[in-house]
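These notes are about the structure you will find just below.
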Amino acid sequence: MAWPSPRLLASRERIHSRMCGIAALLGDLPSDQIETSLRGMLDAQAHRGPDDTGSVLIPTGGAMLGLGSRRLAIQDISALGHQPMRNENTGDVLVYNGEIYNAPELKAMLQSAGYCFRGHSDTEVLLRAYEQWGLDCLDRLRGMFAFALWDARCSRLLMARDHFGIKPLYYATGEGWIACASEVQALTHCGLIAAEVDRRALAGYLAYGGVQEPLTIIANVFALPRGSWKEFDPAGNVTAGGRYWQFPRLRRSAEVQPLSEIVEEGRVLLQRAVKRHLLSDVRIGVFLSGGLDSTAIVGLARNREEGHSIEAFTVSFPDRPGEDESGAAQATAERFGVIFNKCQVSDSTALRWMTDALERIDQPSMDGFNTYVVARATREQGIVVALSGLGGDEIFGGYNLFRRVPRTYDAMSFLNPLPMSMRMAFCAVGTTFFSKVARHKAAEMIAADPGLIGIYFHYRRLLSDSSLRSLGITSQELGLSEDLQLRDLRYEDSYLQADHLSSVGRLDASFYLQNVLLRDSDVFGMANSLEIRVPFLDRDLSEWAFSLPGSQLLPRGAPLKYLLRQICADLYTRKQLRQRKRGFTLPLGSWLRGPLRELMNENLRFLQSTALLDPSGINLVRASFEAEPNGPAWSRVWALVTLGSWMRKQQSRPASLRGLA
């Protein structure tokens, strides 16, 4: 079937966009203190915007506002796109990080309404859109963004974040002030925050491998929830806020279309999403593993318009040929006729890069270092924009979790009438050949007797409750109350509750995608001054996918990513359709036994020297890894290594900025 050619833009005019780090500070503080604090936050984000910087101080009547931006040039870097940007009609001032892919259409609509534009930036489009539609403009935006806007007419500071939280925004409040920035570490450089570890955030990190939003690792610093906005007065008080986006309503049985129509809809939306994400005046790279997600992006992006070709990038490990899957990526690139770049990473290079990556993390994370490696390799080739297949698993059902959670729920329902002793006996027999870690996790799940949501969280667990207790973390500190777990699902009706597969997809998008994958993608991409775009999380495409019932997204007995396989059938080879799931993976377990072993020992020793965790519990986690070095225990010890490295970095900072116990 031929791919359709949807009408993408209302205008062929180029819209200049930018990625950057932003900062704002509003409060009843001396202007020199505002200026110093703002400079500290911007300097801490210099890697996010090495090409340009700007700031402004604005008296607000009883308070002072500082707005600043660090800018990475993606397209034009003319003075007309400089930030902070002021709307001369209203006095509104904006700092903005992101890409608005439908800015040309919005600009055409605004011009029809009588608005004039001085330049070609999507920053100016956003300013005019807010002037025209107010907060309703948020629902019109298609892209990834986070911004702070001073509404001069209402004397309010508005913050907003894109629908999936692709771009980050963090904030903190104090006595008479409010500050926000693109990174947590930037806020700790403003000189107003006592940088103390939040125990609930720490517990969430150790339990799930990533700090769970809206918490951050620093106490009293919070992430603005995805798809939401908040408004603050000059004294730092929240005056209004809410969500402008939520998951779409699940289609009812009577609304289900034939498969052929669903596939055609998906083709149009996926092609449009990829084309939207190709807008740039610079070379564009694609992270290519040879798997289904990245192959679809390369296949659809290969005919990029206006004479700009794309290039595929993958990493290979010459010292570990058994773990090198770059051959599949190269075959895919050659089949589509795109330039292929194989970035070889030796063990010695890996050691050096991993050390650098640990220095760049904004918050502790046990994942994402594969993103740092491929982002660094790509950036060293002169690429500043790269497309990633991130999100394909969540919207098209690509994880085994989509099968395992509903099946486990059914099995638990069968076992529930039995005495606990018999349930545990069944568990012991069924997990005989599992690793010790997996057997323990299964036993804890049986004992907890969870529902569907609880089963999902058990499968996503990194450290069990007993392991957390050995580290000195109590269950009350876990910071994952039922309300927090369900915050993105409560508005759903009972129809979704009966669709277990769709529930898993929404849970994974709300937690693992948001709290681990997207955060790591942003931090490690921007650490290398590389913008990473995620076409699968295009708002129109993802809303369509999340509206489909599980029976259409992933029919019983069908392979994972069934619908994506149908949509992109002409882009895949038979071999690709048969192969196991691929992705950018790093042999961290092997490296922890080899070139990263001393790094592991140093960071674990340092972590034991702090009062953060119980040293005996740290020894237990390390012993588990030593006992089964080829099993899943490596990820648990790596989480502690990362935490220890992050703590060391905080302790090495000037005492005036440190504040950690």
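FYI, the numbering for the sequence shown is 1362 to 2022, going by our numbering. Cβ coordinates follow ideal geometry from the N, Cα and C atoms, glycine included. None of the values given here were measured: they were computed from a predicted structure.
- The secondary-structure analysis by DSSP pairs TYR1531 across a beta bridge with ALA1542 and ALA1584.
- In this structure, HIS1861 is the residue among ASP1413, GLN1913 and HIS1861 with its C-alpha nearest to the C-alpha of TYR1817.
- Approximately 20 Å separates the beta-carbon atoms of ILE1554 and VAL1456; this is outside 8 Å, ruling out the contact.
- With a cutoff of 8 Å on beta-carbon distance, THR1946 and ASN1731 are scored as near each other.
- By alpha-carbon distance to LEU1965, the top candidate from SER1951, TRP1952 and TRP1999 is TRP1999.
- Within the same chain, Cβ atoms closer than 7 Å to the Cβ of MET1505 are found at GLY1459, GLU1460, ASP1523, ILE1527 and LYS1528, the five residues on either side in sequence being excluded.
- Taking one beta carbon from each stretch, the region 1755 to 1769 and the region 1916 to 1931 have 3 or more pairs nearer than 8 Å; the two touch.
- According to DSSP, residue pairing for PRO1411 in a beta bridge involves ARG1432.
- In terms of CA proximity to TRP1952, PRO1990 leads the group LEU1915, PRO1976 and PRO1990.
- A check of alpha carbon separations from LEU1576 across TRP1590, TYR1531, LEU1548 and GLY1588 identifies TYR1531 as the nearest.
- For GLU1625, there is no enclosing beta strand (DSSP E); the enclosing alpha helix (DSSP H) covers residues 1620 to 1637.
- Contact annotation, LEU1387 with LEU1467: C-beta distance approximately 27 Å; criterion of less than 8 Å not satisfied.
- For LEU1649, the three-state secondary structure derived from DSSP is coil.
- Beta-bridge analysis with DSSP links MET1773 to no other residue.
- PRO1767 carries a helical assignment under DSSP once its states are collapsed to helix, strand and coil.
- Separation of ALA1490 and LYS1636 (C-alpha to C-alpha, rounded to the nearest whole angstrom) is 23 Å.
- In this structure, the alpha-carbon of MET1727 lies about 22 Å from that of PHE1763.
- Residue burial is scored here from C-beta neighbours: CYS1477 has fewer than 16 other C-beta atoms within 10 angstroms and is therefore classed as exposed.
- Rounded to whole angstroms, the gap between the alpha carbons of LEU2001 and ARG1561 is 16 Å.
- Cβ-Cβ separation between GLY1753 and ASP1883: approximately 18 Å, too far for a contact (criterion under 8 Å).
- For LEU1748, there is no enclosing alpha helix (DSSP H); the residue is found in the beta strand (DSSP E) stretching over 1746 to 1748.
- Residue burial annotation: ARG1958 is exposed, with fewer than 16 other C-beta atoms found within 10 angstroms of its C-beta.
- Restricting attention to LEU1390, VAL1486, GLU1720 and GLY1571, the CA atom closest to the CA of TYR1462 is found in VAL1486.
- DSSP lists ALA1509 and LYS1591 as the bridge partner or partners of MET1520.
- Rounded to the nearest angstrom, the gap between the Cα atoms of GLY1603 and SER1589 is 6 Å.
- Here MET1425 carries a strand assignment [DSSP, helix/strand/coil].
- In this structure, ALA1747 is the residue among THR1716, ALA1747 and ARG1880 with its C-alpha nearest to the C-alpha of SER1641.
- Counting every other CB atom within 10 Å of its CB across the protein chains shown gives ASN1761 a total below 16, marking it as exposed.
- Under the DSSP definition of a beta bridge, GLN1705 partners with SER1677.
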